[in-house]
Each structure stands twice: as C-alpha cells, then as structure tokens.
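Comments concern the structure below.
Numbering (our numbering), first residue to last: 39 to 324.
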C-alpha cells in the first residue's frame, strides 16, 4: 500500500542507511534510484529495490522510474525523498495516516507534505507571498510543495501524468503540483508534521536576504527552467513575477559575491541562452 522512493546522488552512507531502516520499520517498501556514477548497491539491505542510472537520468526521470515501479506493484501511495532529509518513525507513520485522512476529506488530493524545517537554521520554510490556506484538521491548501517528503496518491498519475523529464532537475516538483491543480486536484501541507531538510549546500546573506548556494551547474537549470516555465498558462502569475525580479539579483550575487564566480556566470549565461531557444533536457545533450 505504501512505497517510498529515494533519489541518490553521491549519498552519505550513514544517513541513507538510517533513513532506509526507519522506512522499513514504519511499513514503507523502499525503492532506491541512484543517479551517482558509481553504484551503491552493496550498501543496501536485500529488501531494497535498487536501480542504478550511472549517466544521471535527472531528478524527474529518476522519480518516474520509481513511480512506474510503484504503479506496477499497485500500491496506493508513494513517498518521494532525497538523501538530505532527516526522517523519524513518528513522521513516517504520520505521513501514512495523513494521506489516508486527507483523501477521505477531499477525494481529489494529489499529494500531501509535511512542514519543512531548514537544516541550516532549524526554522520552518514558509512562503512569503503565496501562503497556504487552512482547510481544517491541520491541513493547509498549498500551490506547491517540494518533492522530498511529498506523498502522492498514485491513482492521480493517470490524469496528471508523471514528472516532466525535460526540466531534468530544477522546478520539477513545483511544475507537477501546478499541473495537478490545473486538473482539479489539491495539494495539502499537514501542519502537524515537521521534516528537517537541507535545501542547497549553504546560505549567503546579502543585504538582509538569504540566497541558497549550490553547485555552479545548478544555475544553468535554474535560469533555463524559469524561462521554459514562464509562458505556461498554469504556472502561477506570482511565481513568474517573483522570478523575473529575482533572476537579476541572483545573477549579481552569484557572478560577483560567491566563489567560482566566472564558472557561475558561464552557467547562468548558458541557461539564459538555452531558455530563450527553448532547449530542454540535460545540459549539452542537444
């Protein structure tokens, strides 16, 4: 009934194995999709289903590989995770109860997620503009949630579809949520559940604003995918406006205030050019 899908890319062994043990104890079957160049199959218990994608299939396709396996198993719910989340038995059992309860309240719930707490400052990650709306029983109706900690109702995939592989990595989770809402589904956050999660590698504070700091290549996908998503009618207007304002600020911070600034500038510029040309998929494959 309950499957979990963990996406790996150069994972930390101890955290991964701790999370797998917790998932198994909580009654989630465990599917691992590994985008790392080297296999980590020898780390894993026998009860884990493991697929290795050594050329890096991207987040979207890795999730889709797992979701197709869940569909083949005819399980009702799929929990998406990455290797940076901190899990607990109470959270994992709470998510099981929460998705079942949410679907009884509202049959067209596509997914639920916990409140996300930043591993950097241990503060809840909250929307500054498009805040979720309370719908009762501790649930908040959200425009989008991040993939890690998201529990999908597998049946909705027949109508909503799988994740968009052409985005490859950034924006994949939000795009799917927006598409689900366009199909008449709800996305809920359970305010009674908390999950500690690491977003980005570090933080850089500039003029009172915190900027996520990640690997330079991620900037290519972030800039390109904003441009790919802007023309779509189902993408929220506030997201378009916010990102049009944010991109120049992010350019300045990454190009002049962070390390590897020349490399960051090159990736951002290539992302802009490919976004304008409507180039999608993994960088350099077209």
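Cβ coordinates follow ideal geometry from the N, Cα and C atoms, glycine included.
In its own chain, which residues sit with a C-beta less than 6 Å from the C-beta of residue 264, not counting the 5 before and 5 after it? The sequence position of residue 264 within the chain shown is 226, counting from 1. Only 281 meet the Cβ criterion.
Quick check: residue 319 and residue 206, are their CB atoms within less than 9 Å of each other? One-based indexing of the chain shown puts residue 319 at position 281. One-based indexing of the chain shown puts residue 206 at position 168. For residue 319 and residue 206, yes; Cβs fall inside 9 Å.
The beta strand (DSSP E) with residue 224 in it runs from where to where? To locate residue 224, count along the chain shown from 1; it is residue 186. Residue 224 -> beta strand (DSSP E) spans 224-235.
Given that a residue counts as buried once 16 or more other Cβ atoms are within 10 Å of its Cβ, and exposed if not, what is residue 129? By 1-based counting over the chain shown, the position of residue 129 is 91. Answer is buried; the Cβ neighbour count reaches 16.
State the beta-bridge partners of residue 67 as determined by DSSP. To locate residue 67, count along the chain shown from 1; it is residue 29. In DSSP, residue 67 forms a bridge with 41.
Since residue 192 contacts residue 108 with CB under 8 Å, what's their CB separation in whole angstroms? Looking up residue 192 in the chain shown gives position 154. Looking up residue 108 in the chain shown gives position 70. Correct: roughly 6 Å between the Cβ atoms.
Any idea if residue 175 is buried or exposed, counting beta-carbon neighbours within 10 angstroms, 16 or more meaning buried? As a working mapping, residue 175 is identified with position 137 in the chain shown. Per the 10 Å Cβ criterion, exposed.
Distance, Cα to Cα, residue 97 vs residue 258? In the chain shown, the residue the question calls residue 97 occupies position 59. In the chain shown, the residue the question calls residue 258 occupies position 220. Distance between the alpha carbons of residue 97 and residue 258: 15 Å.
Contact under 9 Å by Cβ, residue 251 with residue 296: Taking the first residue of the chain shown as 1, we reach residue 251 at position 213. Taking the first residue of the chain shown as 1, we reach residue 296 at position 258. Their beta carbons are under 9 Å apart, which means residue 251 touches residue 296 by this criterion.
Measure the C-alpha to C-alpha separation of residue 82 and residue 180 and round it to an integer number of angstroms. Sequence index remark: in the chain shown, residue 82 carries index 44 (1-based). Sequence index remark: in the chain shown, residue 180 carries index 142 (1-based). Going by the C-alpha atoms only, they are around 35 Å apart.
State yes or no: is the C-beta of residue 74 within less than 9 Å of the C-beta of residue 48? Counted from its first residue, the chain shown places residue 74 at position 36. Counted from its first residue, the chain shown places residue 48 at position 10. Yes, these two residues count as a Cβ contact at 9 Å.
If you pair each beta-carbon of the segment 136-143 with each one of the segment 208-222, do three or more pairs fall below 8 Å? no
If you follow the beta strand (DSSP E) that residue 272 is part of, which residue opens it and which one closes it? In the chain shown, residue 272 corresponds to position 234, counting from 1. Element bounds for residue 272: n/a, residue is neither H nor E.
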